[in-house]
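Peer 1: In the numbering used here, the protein residues as written are 1 to 808. Where a beta carbon is used, it is the ideal one built from N, C-alpha and C, also for glycine. Only a predicted model underlies this, so the values are computations on that prediction, with no experimental measurement involved. To start, I am sharing the structure in question, which I have written as structure tokens.
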């Protein structure tokens, strides 16, 4: 905390701006109730011809905030199923105008006649993020969160379960706006614990501003879980069945009464998945077999229970207190059968190892938190604070039996092995946050805040081996068994200011973070300590060219801190010829990110183009080294730098009233320089990704959705991941007077999402083919009761959908 005062002195300097525009704010709700109306249309009309000259749309809290030129207008506020509201406005020389709460009355005459047959995009864009409404994604029904993310533009998943966005890794995963310490040594393990139907929306923050954590050089993915708000008791239940034993079920409940809204949900998953791989390695070292040929097949069954609940209490009209709690229970059982053949120069068998693995894993994650929001005045001054705590526990038990066969394929029992590996681990995370917003009379707005994140991970490994020397009774191996504790505390403060000058909008900010880390291996008395202080500036500019016509430019500096799994110096022993280990001396990676964007909208077409450049130093990259005993060891090291330059295009087409399509493409050049690791560790290439999402809502019949993507090659210092593609499709139909929905989908229809990876250096050449089960058929049923509403991404085939965001 001694550094916090230094941070505050550096940051709390207020910028002043001047503007002639008028800031118009307010909130829209339903007359006779406290229900706020999100996505209501607020428009300024010309007095002369009633044409639209400005306006906006209400947010998830029913509030709106937009800029207009001084003058006289007609204000129109409208929402489907409600009577429109009109009011004359004379803005004059005012700088700020708060219209307060505008109440819309139900249109009793037309409410029952409203039939929305059109479709709208799931994509929404803001100054520093893109938001995808995914709560009713047909192609992801019955899937996990990781499988859902793969259907979104800009997102890809690599062979290790890591996520890349616009071709860049080191992505920060948020759940409801908070970092997560859920079990797992990769993003896939974290996300697989959340079923897709528990997710309301996904925010992709490609170039975060100073109000966000500076971590995540590739950006931030914020997953927002469902939480309904509606008066009375209401809810939704769903169940789905997929091919090869994949089962999901869940229920969302809500009770709104007076000043309090209670919500609860439960989701269950039971999923069996297979994985298979083939590896062929040519060794260029002289004291081992010149070729290694191996194949493996494995299955795992995951059973998870996700329980979530909480309440929001309106203390007064402008003060809200919230509480939530969440528990995630997970059990996994699986096996992997591995065959490893050493071949001579004529590719005849020298020897064969058959290695059979059986493992079980039990994990538990609990999280709870409090939040308080105070709308200090009607001008928009606001104070928000939150406190959360999460605890994660996991125990993994691995059993290995290894059998040896000679060149004649004869069993040699004396060379057999029995191994046991127990891997317990725990983690605790505390997060405190305080945010303050202050609008000014000139139309500007100041945001500032403090945040503290305190984390500790404790990971152990107890490895035993039985061989001929101990009569195959496993005894501990001290060189592999150990315990690693890693502690990381991050103290942060930020300030940003935004305003407009005519058609130019700007936002500038600065974030300061002080990081304290310490890693301690039980077998080593010398801890690894790494403390550092960094400043992270950000700047955003926009130029208004007209209605739905805008030019933007932005810059930010980011950091990627090495996580527990990259640092832990404990060997992973699933395959004795292909080991992996963390690097406790890995340093943080820094990235300067630049973007220039252009957006133009027409009646049925929206075009969005972004040119970006990322310059990174101390780049985290995977490195494989082949030892003299033919064992390949993979670890993480800091490459000198990486440069990535690209163009991303997003095109939304409203073909007609019932059919829309979003086509996106990302074309980029990537270069990584790793000469500091080893001579020749440089690589570069051109690559691209293309994605299509098409929605057809046939009136009174069904909704059909198809999604496909293609990903070009991705490079790293010793090779690349080759291109691949895949297509998903699904269909949904409303039944039972629109109170229920039935859907059917198939993912990766042609079974083409197969990873092919090539690694090469002076000591070896290795080709790997890896396939995780992706072609899955699912049928799902959803039932709504008590007036429960569930917004259907605008692709409405009879439903009236409406979820509210989780404000935890």
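1. With residue 458 and residue 485 assumed to form a contact (beta carbons below 8 Å), what rounded beta-carbon distance in angstroms separates them?
2. Measuring only the C-alpha atoms, how far is residue 112 from residue 82?
3. Below 8 Å between beta carbons: does that hold for residue 455 and residue 425?
4. Tell whether a beta-carbon distance below 8 Å holds between residue 394 and residue 363.
5. Specify whether the segment 624 to 633 and the segment 286 to 294 touch according to this definition: at least 3 beta carbon pairs, one from each stretch, less than 8 Å apart.
6. Work out the CA separation of residue 515 and residue 491 for me, nearest whole Å.
7. In terms of residue numbering, what span does the beta strand (DSSP E) encompassing residue 696 cover?
8. For residue 565, name the three-state secondary structure that DSSP assigns.
9. Starting from residue 577, follow the alpha helix (DSSP H) in both directions and report where the run begins and ends.
10. Three or more C-beta pairs closer than 8 Å, one from the segment 540 to 555 and one from the segment 570 to 577: is that the case here?
11. Suppose contacts are defined by Cβ-Cβ distances below 8 Å. Is residue 725 in contact with residue 709 by that definition?
12. Give a yes or no on whether the C-beta atoms belonging to residue 366 and residue 327 are separated by under 8 Å.
13. Assuming residue 171 contacts residue 221 (C-beta within less than 8 Å), just tell me the rounded distance between them.
14. Determine the DSSP secondary structure at residue 21, reduced to helix, strand or coil.
15. Is residue 273 closer than 8 Å to residue 642 when the C-beta atoms are compared?
16. Ordered along the chain, which non-local residues of its own chain (more than five positions away) have a Cβ less than 6 Å from that of residue 654?
17. Indicate whether residue 47 and residue 77 have their beta-carbon atoms separated by less than 8 Å.
18. Does the segment 659 to 677 come close enough to the segment 313 to 329 that 3 or more CB-CB pairs lie under 8 Å?
19. Are the CB atoms of residue 240 and residue 779 within a distance shorter than 8 Å?
20. Exposed or buried, residue 346, counting other C-beta atoms within 10 Å across all chains shown (16 or more means buried)?
21. Mark residue 545 as exposed unless 16 or more other C-beta atoms lie within 10 angstroms of its C-beta, in which case mark it buried.
22. CB-CB under 6 Å to residue 768, same chain, minus the five flanking residues each way: which ones, in chain order?
23. Which first and last residues belong to the beta strand (DSSP E) in which residue 172 is found?
24. Between residue 761 and residue 755, what straight-line distance do the alpha-carbon atoms span, to the nearest angstrom?
25. For residue 294 and residue 417, I'd like the C-alpha separation in whole angstroms.
26. Could you tell me the alpha carbon to alpha carbon distance between residue 16 and residue 702, rounded to whole angstroms?
27. Per DSSP, what kind of secondary structure is residue 537 in: helix, strand or coil?
28. By Cβ distance, which residues of its chain are closer than 6 Å to residue 318, with the 5 residues on each side in sequence left out?
29. Should residue 315 go down as buried or exposed, given a rule of 16 or more other Cβ atoms within 10 Å for buried?
30. Exposed or buried, what is residue 538 when buried is set at 16 or more other beta-carbons lying within 10 Å of its beta-carbon?
31. List the residues that DSSP assigns as beta-bridge partners of residue 653.
32. Across the segment 426 to 438 and the segment 368 to 386, are there enough close Cβ pairs to call them in contact, namely three or more that are closer than 8 Å?
33. Mapping the DSSP letters down to three states, classify residue 337 as helix, strand or coil.
34. Ignore the nearest five residues each way along the sequence and tell me which others in residue 411's own chain have a CB closer than 7 Å to its CB.
35. Output the distance between the C-alpha atoms of residue 254 and residue 261, rounded to the nearest integer angstrom.
36. Near residue 690, which residues of its chain fall below 6 Å by C-beta distance, leaving aside the five closest residues on each side in sequence?
Peer 2: On the basis of the data shown:
1. 5 Å
2. Bear in mind that a pLDDT of 36 at residue 112, under 50, signals an unreliable position, so the number given afterwards is only what the model happens to contain. Rounded to the nearest angstrom, the two C-alpha atoms are 11 Å apart.
3. no
4. yes
5. The segment 624 to 633 vs the segment 286 to 294: in contact.
6. One C-alpha to the other measures close to 7 Å.
7. 682 to 698
8. helix
9. Where residue 577 is concerned, there is no enclosing alpha helix (DSSP H), given that its DSSP letter is neither H nor E.
10. The way I'd put it, the segment 540 to 555 doesn't touch the segment 570 to 577; fewer than three beta-carbon pairs between them come closer than 8 Å.
11. Yes, they are a contact pair.
12. yes
13. 6 Å
14. coil
15. Not in contact: residue 642 and residue 273 (Cβ atoms no closer than 8 Å).
16. 604, 660
17. no
18. The segment 313 to 329, when compared against the segment 659 to 677, does not touch it at the 8 Å Cβ threshold.
19. For the pair residue 779 and residue 240, the CB atoms are nearer than the 8 Å cut-off.
20. Exposed, by the Cβ-count rule.
21. Residue 545 should be labelled exposed.
22. Hits under 6 Å: 279, 757.
23. Its beta strand (DSSP E) spans residues 172 to 175.
24. 20 Å
25. 18 Å
26. Confidence at residue 16 is low in this model, with a pLDDT of 35, below 50, so its placement is unreliable and the value that follows should be read with caution. C-alpha separation (whole angstroms): 54 Å.
27. strand
28. 375
29. Residue 315 is exposed by the Cβ-count criterion.
30. buried
31. Beta-bridge pairing links residue 653 to 605, 661.
32. Contact between the segment 426 to 438 and the segment 368 to 386 is present, because at least three Cβ pairs lie under 8 Å.
33. strand
34. 403, 405
35. 7 Å
36. 665, 710
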